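Single-structure report; data block below.
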């Protein structure tokens, strides 16, 4: 399995605070006091980050892979 650096872009204006990102990838995403997504240090597997990005109902998360 190839190591991939994850680059997750967050649009806090689009974030509606559903928390689905933090549910799927809790080491990578959390919600702040304003109920907006914040990116943490990470540590979730790529599949968990993919699930978080795919489950975002507002489209506030985008994922780009860099080899």
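Numbering (this note's numbering), first residue to last: 1 to 67.
For every residue, glycine included, the Cβ atom is placed at its ideal position computed from N, Cα and C.
Please read all numbers here as calculations on a predicted model, not as lab measurements.
Between residue i and residue j, which are expected to be in contact by the criterion C-beta below 8 angstroms, what is the C-beta distance as a whole number of angstroms?
i          : j          : result
residue 37 : residue 51 : Incorrect: roughly 14 angstroms between the Cβ atoms, too far for contact.
residue 28 : residue 10 : 11 angstroms between Cβ atoms; not a contact.
Since residue i sits in a beta bridge, which residues does DSSP pair it with?
i         : result
residue 7 : 64
Between the options, which has its C-alpha nearest residue i's C-alpha?
i          : options           : result
residue 14 : 64, 62, 63 and 58 : 58
residue 31 : 54, 12 and 48     : 12
residue 33 : 43, 45, 41 and 19 : 19
residue 45 : 35, 26 and 55     : 26
residue 17 : 49, 64 and 56     : 56
* Can you check the segment 24 to 66 for any alpha helix (DSSP H) of at least 4 residues that lies completely inside it and give the ranges in chain order? => Correct list: 46 to 55.
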